[in-house]
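According to the numbering used here, the sequence shown is numbered sequentially starting from 3.
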Amino acid sequence: MNLLDMILSQNNGQQVEQLARQFGIGTNQAQDALSKLVPALGQGVRNNISNQGGLDDLLGAIQRGNHGRYVDDPSALGDPRAVEEGNGILGHLLGSKDTSRQLAGAASQSTGLDSSLLKKMLPVIASMVMGSLSKQSSNLGMQPSGRTSSGGGAFDLLTNFLDADKDGSILDDLAGMAGKFFR
Numbered sequence: 003m004n005l006l007d008m009i010l011s012q013n014n015g016q017q018v019e020q021l022a023r024q025f026g027i028g029t030n031q032a033q034d035a036l037s038k039l040v041p042a043l044g045q046g047v048r049n050n051i052s053n054q055g056g057l058d059d060l061l062g063a064i065q066r067g068n069h070g071r072y073v074d075d076p077s078a079l080g081d082p083r084a085v086e087e088g089n090g091i092l093g094h095l096l097g098s099k100d101t102s103r104q105l106a107g108a109a110s111q112s113t114g115l116d117s118s119l120l121k122k123m124l125p126v127i128a129s130m131v132m133g134s135l136s137k138q139s140s141n142l143g144m145q146p147s148g149r150t151s152s153g154g155g156a157f158d159l160l161t162n163f164l165d166a167d168k169d170g171s172i173l174d175d176l177a178g179m180a181g182k183f184f185r
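This is how it looks when you write it as structure tokens:
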């Protein structure tokens with residue numbers, strides 16, 4: 003299951019319903035926004051974990067934060083802390099506000115939702131992504147140092163988790179996402 007599928011299915015889609023209510027849009031529109039924005043955030047995660055120390059940094063952030071609360075209690079996405087944490091996450095994943103604006107603009111063209119609305123949704127969606135990664139890493143027993151509690155490599159597990167087409171390579175996924183992002 004990839005990151006988007008996980009977010010859409012967790013708690014019977016309650017996160018998606020919360021996102022829709024929070025931003026005054028329909029559930030289908032929220033799903034459409036997620037389908038355009040989550041892959042780009044997943045690409046940011048992949049980029050970060052492929053850097054020296056990136057995996058340990060990600061796993062440390064997951065363990066230090068209480069991101070799983072967004073999965074356990076989707077109403078927590080309405081808390082201002084979700085936006086604050088999400089903005090910090092976006093800074094790490096996308097690097098700049100300009101990139102966030104470009105991403106929102108590109109998603110706007112394909113979803114029909116206003117880019118300013120999508121820009122407001124991005125921090126909340128980033129918190130959803132971290133919540134899902136937190137739950138997944140907890141379920142797999144991942145720990146900083148790149149190992150799982152069973153001794154396997156966390157990098158391999160996260161790469162597999164983020165491999166959208168499950169072909170064993172994230173390179174084609176990165177290229178595909180970059181192509182979608184810059185259309």
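Built from N, CA and C at the ideal position, the CB exists for glycine as well. Model, not experiment: these values are computed from the prediction.
How would you call residue i, buried or exposed, if buried means at least 16 neighbouring beta carbons within 10 angstroms?
i	result
K99	exposed
E87	buried
G46	buried
S52	exposed
Q20	buried
Q33	buried
S118	exposed
Round the Cβ separation of residue i and residue j to the nearest angstrom and send it over; I've been treating them as touching at under 8 Å.
i	j	result
H69	S11	No, H69 and S11 are not in contact; Cβ-Cβ is about 18 Å, not under 8 Å.
L60	N50	6 Å
V73	S129	Not quite, the Cβ-Cβ distance comes to about 10 Å (not below 8 Å), so this is no contact.
P125	L92	6 Å
L79	Q17	7 Å
M132	G67	7 Å
From residue i to residue j, what distance separates their C-alpha atoms?
i	j	result
T113	D7	18 Å
P82	I127	13 Å
L120	G15	19 Å
G107	Q138	30 Å
A22	Q31	8 Å
L56	G90	Note on residue identity: the sequence assigns Gly, not Leu, to residue 56. Near 16 Å, if we compare the C-alpha coordinates of G90 and G56.
R149	D58	Since pLDDT at R149 reaches only 45, below the 50 mark, its modelled position is unreliable, and the value read off the structure follows with that caveat. If I take the Cα positions, the gap works out to 10 Å.
L96	L5	17 Å
Q24	Q54	37 Å
S77	A63	22 Å
R103	K38	14 Å
I9	Q111	23 Å
Q: Quick one: which unbroken beta strand (DSSP E) runs of 3-plus residues sit fully inside the stretch 53–78? Chain order, please.
A: none
Q | Start-end ranges of the alpha helix (DSSP H) lying completely within the stretch 90–151, minimum 4 residues | A | 99–113 and 117–142
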